[in-house]
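J.:
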Amino acid sequence: MSLGIKPLKLPLHPSGVRRPGFSQSPLPFFPVTTPSKIPLSLWKFSTGLLFRNLSRTRSCRAHYTKMGEIVHPTIQDGWFREVSEMWPGQAMTLRVKKILHHEKSKYQDVLIFESTDYGNVLVLDNVIQCTERDEFAYQEMITHLAMNSHPNPKKVLVIGGGDGGVLREVVKHDCVEEAILCDIDEAVIRLSKQYLPHMSKGLDHPKSRVHVGDGFKFLEDYKNEFDVIITDSSDPEGPAESLFQKPYFELLFGALKEGGVITTQGSENQWLHLQLITDLKKSCREVFPTVEYAYTTIPTYPSGQIGFMVCSKDANRDVSKPLRTASDEEEQKMYRYYNKRIHEASFVLPTFAATALK
Numbered sequence: 001m002s003l004g005i006k007p008l009k010l011p012l013h014p015s016g017v018r019r020p021g022f023s024q025s026p027l028p029f030f031p032v033t034t035p036s037k038i039p040l041s042l043w044k045f046s047t048g049l050l051f052r053n054l055s056r057t058r059s060c061r062a063h064y065t066k067m068g069e070i071v072h073p074t075i076q077d078g079w080f081r082e083v084s085e086m087w088p089g090q091a092m093t094l095r096v097k098k099i100l101h102h103e104k105s106k107y108q109d110v111l112i113f114e115s116t117d118y119g120n121v122l123v124l125d126n127v128i129q130c131t132e133r134d135e136f137a138y139q140e141m142i143t144h145l146a147m148n149s150h151p152n153p154k155k156v157l158v159i160g161g162g163d164g165g166v167l168r169e170v171v172k173h174d175c176v177e178e179a180i181l182c183d184i185d186e187a188v189i190r191l192s193k194q195y196l197p198h199m200s201k202g203l204d205h206p207k208s209r210v211h212v213g214d215g216f217k218f219l220e221d222y223k224n225e226f227d228v229i230i231t232d233s234s235d236p237e238g239p240a241e242s243l244f245q246k247p248y249f250e251l252l253f254g255a256l257k258e259g260g261v262i263t264t265q266g267s268e269n270q271w272l273h274l275q276l277i278t279d280l281k282k283s284c285r286e287v288f289p290t291v292e293y294a295y296t297t298i299p300t301y302p303s304g305q306i307g308f309m310v311c312s313k314d315a316n317r318d319v320s321k322p323l324r325t326a327s328d329e330e331e332q333k334m335y336r337y338y339n340k341r342i343h344e345a346s347f348v349l350p351t352f353a354a355t356a357l358k
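Take the sequence shown: its letters are residues 1 to 358, numbered as in the UniProt record's numbering.
1. For my contact list, E292 and F347 are in at a C-beta cut-off of 8 Å; report their separation, rounded to the angstrom.
2. Looking at C-alpha atoms only, which residue of H72, K154 and V121 is the closest neighbour of L256?
3. My understanding is that H150 touches L323, with C-beta atoms under 8 Å, so please give their C-beta distance in whole angstroms.
4. Which runs of the alpha helix (DSSP H) fall wholly inside the segment 242-270 and span at least 4 residues, in chain order?
5. Tell me whether the beta-carbon of Q108 lies closer than 8 Å to the beta-carbon of D163.
6. Which value, in whole angstroms, describes the spacing of the CA atoms of D174 and L191?
7. How is Y222 classed by DSSP in three states: helix, strand or coil?
8. What does the Cβ neighbour count give for T355, buried or exposed, with the cut at 16 atoms within 10 Å?
9. Could you check which residue in T263, F253 and E169 has the C-alpha nearest to that of K333?
10. Specify, as a first and last residue, the run of the alpha helix (DSSP H) that I70 falls within.
11. Could you give the DSSP three-state label for Y293: helix, strand or coil?
12. Between the Cα of G310 and those of Y248, I229, P299 and L276, spot the shortest distance and give me the residue it belongs to.
13. In three-state terms, what does DSSP make of Q332?
14. Taking 8 Å as the limit between beta carbons, can you name the residues of its chain near V156, skipping five residues before and five after?
15. Thinking C-beta only, is N339 closer than 8 Å to Q305?
16. In whole angstroms, give me the CA-to-CA distance for F308 and R81.
17. Closest to K98 by CA distance: which of K313, F216 and I112 is it?
18. Specify the secondary structure class of F308 as computed by DSSP and reduced to three states.
19. Under 8 Å, do Y195 and N126 count as touching if we go by C-beta distance?
20. What does a CB cutoff of less than 7 Å around S320 pick up in its chain, not counting 5 residues either side in sequence?
21. Using only the alpha-carbon positions, how far apart do I342 and E69 sit?
22. Give the secondary structure of E178 by DSSP, where H, G and I count as helix, E and B as strand, and everything else as coil.
23. State buried or exposed for V71, treating a residue as buried only when at least 16 other CB atoms are found within 10 Å of its CB.
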């Protein structure tokens, strides 16, 4: 995820990094001045264990030096830690194999590292945006919930999404004639092409057009233009906070054709941000006649979950039921996470969340 707007001067939440330690098992000790007095089997066991532990220490030290000269404050002792007041009292950690790239773009801190178990990882302002292992759960759901809630989406706009993952999913639909992406940070686009090729291939599709610029200004130039608009933004704090407010949804409404559909990242998840989700749904309802909240599961996002607002200009549209479906065989070829059953299931909320969002 990325953002497609100019940063606002809003207070940022503090964050910190906890430095995990590690323990070493004690080695058995035998006096070595008179080895002849020690049983041969115990001597072999002791010296063998000693050299195995020395070897393990060397390999551990080598693991940390593999990272080279690139350093980052969120990575200590070979582990990345995501800590934020947005999810107090908990942290997401991934073991780092190698730091691939770090730079301060004009808009945000951009970190890319290779993890031991989740492939390459994109981090913006110290928050995980995607990993190669689980990105499809997010990309598919934010895309196909909207695309399959529209009868014939021909022209699609993506705000943010500079990694290209949403575009990759949009152009899977044969009915799409043009897919435009607007992201303000060229660094995300450039680095995704280098380090996230499976996602960024959507940026180079013949139906895709990429615009680097301010998403707000871009939307102001279009009226009744798009069938579907997908906002693939950063979290609702700091630079992206305005993407979760009523004026932005009014711009989206104006840029949509009649019957148009939007999806937008919906304030993280029910366990951590229920009040934010409630406020966001209220703002959407002041603009759109049809507003629903859905969610997906993804292990590297806070609490393993993230949600979406799905809205339509059509007051009679039931976005919880897909208008367009594929056969089971076609779904297996087209998707890795999404299917028509999970489309409907994603709108079914636990009682505490459903009650709060009524």
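Each residue gets a CB set at the ideal place from its N, CA and C atoms; glycine is no exception.
T.: Reading from the atomic positions:
1. 6 Å
2. The shortest CA-to-CA distance from L256 to any of H72, K154 and V121 is the one to K154.
3. Indeed they touch by this definition, with Cβ atoms about 7 Å apart.
4. Fully enclosed alpha helix (DSSP H) runs of 4 or longer: 246-255.
5. no
6. 28 Å
7. coil
8. exposed
9. E169
10. Careful: I70 lies outside any alpha helix (DSSP H) and carries neither H nor E.
11. strand
12. Before going further, note that residue 310 is Val rather than Gly in the sequence given. The shortest C-alpha separation from V310 is found at I229.
13. helix
14. Correct list, in chain order: M147, V170, V176, E178, A179, I180, F226, D227, V228, I229 and I230.
15. no
16. 25 Å
17. I112
18. strand
19. no
20. E292, E344 and F347
21. So the two alpha carbons sit approximately 44 Å from each other.
22. Secondary structure of E178 (DSSP, three-state): strand.
23. exposed
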